[in-house]
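K.L.:
Numbering (the working numbering), first residue to last: 303 to 414.
Here's what the structure looks like:
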């Protein structure tokens, strides 16, 4: 029997011919650490344009320079090595987790 946590989603399966819009970019550190020497990657919050702008969080293995940007000028992005899957949390609920090797900016800005 196929279990939901065994199913792996690619970028193309999730996008449905749409694109990702970068909403937020923040550093990701080793658990309990907050300095650059313990940085292990980057956390990106993206919106899916063909899914009524539903947001997902993608953990990126690559370290990317992070700085604030305007909420009205969003960048269109894609990922290298994107993989998403549902995982069961301690409470028994399934939560969608996504991970990627790198983030690529396709176009900027995407003004609303």
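Quick reminder that beta carbons are idealized off the backbone N, C-alpha and C, glycines included.
These numbers were taken from a predicted model, which means no experiment stands behind them.
Using DSSP bridges, identify the partner residues of residue 319.
P.N.:
Answer is none; residue 319 lacks a bridge partner.
K.L.:
Hey, would you say residue 386 sits closer than 8 angstroms to residue 342, going by beta carbons?
P.N.:
Contact: no.
K.L.:
Take the Cβ of residue 340 as the centre, count every other Cβ of all protein chains shown within 10 Å, and call the residue buried at 16 or more, exposed below.
P.N.:
With fewer than 16 other Cβ atoms within 10 Å, it is exposed.
K.L.:
Which residues in the same chain have their Cβ closer than 6 angstroms to the Cβ of residue 384, if we skip the five residues on either side of it in sequence?
P.N.:
Closer than 6 angstroms at the Cβ level, and outside the excluded window around residue 384, lie 313 and 402.
K.L.:
Taking contact to mean at least 3 C-beta pairs separated by less than 8 angstroms, is the segment 349 to 357 in contact with the segment 330 to 338?
P.N.:
Contact between the segment 349 to 357 and the segment 330 to 338 is absent, because fewer than three Cβ pairs lie under 8 angstroms.
K.L.:
How many Å lie between residue 389 and residue 308 at the Cα?
P.N.:
Near 9 angstroms, if we compare the C-alpha coordinates of residue 308 and residue 389.
K.L.:
Output yes or no for whether 8 angstroms exceeds the beta carbon distance between residue 405 and residue 358.
P.N.:
In this structure, residue 358 does not lie closer than 8 angstroms to residue 405 by Cβ.
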